[in-house]
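Novice: Have a look at the structure that comes next, please.
Numbering (our numbering), first residue to last: 1 to 292.
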């Protein structure tokens, strides 16, 4: 039975579920040099399974990880809060290193994602779910008897999703087998992402930034990514453009310039060649999107 077909009245320990989601995401976060930290207040909060709550939680974490510069932290705190005499399951998510308040996160039904605070150095998100649906709250982990099959299905679902990302993410693949090379590739990625908006940032600029000769950079990267540095820079530009179109409310022109293309028309041509859709066509696939 898949996640979205689970019985909604099937009780689970939401704390254990979220712990396992974080555990499943840690390797992916680590591949991007992001430290994922989870703090739990209660040992157990049993609720009727809610797919939207799980889905929005892991989708928000993934989006934050993808937008954060390397060497930052992502803190998650799970507990219960009371507001206006109403109790809520609360999931506080705080990132360092970037203002991410403009991420496109949609509130639906009675599950809300709000931005509590933000600055240039971090953003604090809050996901809340009414305690009306809570079955029980206990502090003794020995009393936990929520069905473990739910967690297995959730973690399997997440690991399958991120296996696909790992196949397209050389740094993630290298983390377990060649950590030194993974760290080097992560540094390369960070340099490209930091300078992505500059059209002139090319192989020469990358090698200068890394204090390597062009030939040294080519040889070392070729063994890791099986392509040239120039092609790799282009690949990351397109991946970032696709991510921006999918997650933020931005114009195509803005995406083009933010990812280092000299004009929206050139961006559209290169994007179409890579993905088989124009940026406009891709953007129209996003729920609630408007044509620009």
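Glycine included, every Cβ here is placed at the ideal spot set by N, Cα and C.
#1: Please state whether DSSP places residue 233 in a helix, a strand or coil.
#2: Could you tell me whether the segment 221–230 touches the segment 83–103, using the rule of 3 or more Cβ pairs below 8 Å?
#3: Got a sec, what are the start and stop residues for the alpha helix (DSSP H) residue 130 sits in?
#4: So, does the segment 209–219 touch the segment 242–258, judging by three or more C-beta pairs under 8 Å?
#5: Roughly how many angstroms lie between the CA atoms of residue 63 and residue 219, to the nearest whole one?
#6: Who does residue 293 pair with in a DSSP beta bridge?
#7: Considering just the uninterrupted stretch of the alpha helix (DSSP H) at residue 28, what are its terminal residues?
#8: What residue from 59, 17 and 86 has the CA that sits closest to residue 78's CA?
#9: To the nearest angstrom, how far is it from the Cα of residue 35 to the Cα of residue 61?
#10: Let's test the definition: count the other Cβ atoms within 10 Å of the Cβ of residue 269 and tell me whether it reaches 16, buried, or not, exposed.
#11: Just to confirm the assignment, what range does the beta strand (DSSP E) spanning residue 88 have?
#12: Taking the alpha helix (DSSP H) that residue 187 belongs to, which residues open and close that run?
#13: For residue 72, does the three-state DSSP call read helix, strand or coil?
#14: Label residue 128 either buried or exposed according to how many other C-beta atoms from any shown protein chain fall within 10 Å of its C-beta, with 16 as the threshold for buried.
Specialist: Let's see:
#1: The sequence position of residue 233 within the chain shown is 233, counting from 1. Looking at residue 233 - three-state DSSP - the assignment turns out to be helix.
#2: The segment 221–230 is not in contact with the segment 83–103.
#3: Locating residue 130 in the chain shown gives position 130, where the first residue counts as 1. Per DSSP, residue 130 is not a residue of any alpha helix (DSSP H); the beta strand (DSSP E) it occupies stretches across 122–130.
#4: Taking a contact to require three or more Cβ pairs closer than 8 Å, the segment 209–219 and the segment 242–258 do not qualify as touching.
#5: Along the chain shown, read from residue 1 onward, the residue named residue 63 stands at position 63. Along the chain shown, read from residue 1 onward, the residue named residue 219 stands at position 219. Rounded to the nearest angstrom, the two C-alpha atoms are 32 Å apart.
#6: The question about residue 293 has no answer here: the residues shown for the chain are numbered 1 through 292.
#7: Here residue 28 is taken as the residue at index 28 of the chain shown, counted from 1. Residue 28 -> alpha helix (DSSP H) spans 14–31.
#8: Within the chain shown, the letter at position 78 stands for residue 78. Nearest of 59, 17 and 86 to residue 78, Cα basis: 17.
#9: Counting from one through the chain shown, the residue named residue 35 turns up at place 35. Counting from one through the chain shown, the residue named residue 61 turns up at place 61. Looking at the two C-alpha atoms, the distance is approximately 12 Å.
#10: Here residue 269 refers to the residue found at position 269 when the chain shown is read from its first residue. With fewer than 16 other Cβ atoms from the protein chains shown falling within 10 Å of its own Cβ, residue 269 counts as exposed.
#11: Taking the chain shown and counting its residues from 1, one reaches residue 88 at position 88. Looking at the DSSP string, the run of the beta strand (DSSP E) that includes residue 88 is 86–96.
#12: Numbered from 1 along the chain shown, position 187 holds the residue referred to as residue 187. That run of the alpha helix (DSSP H) goes 179–194.
#13: One-based indexing of the chain shown puts residue 72 at position 72. Strand.
#14: For the purposes of this step, residue 128 is taken as the residue at position 128 of the chain shown. Buried, by the Cβ-count rule.
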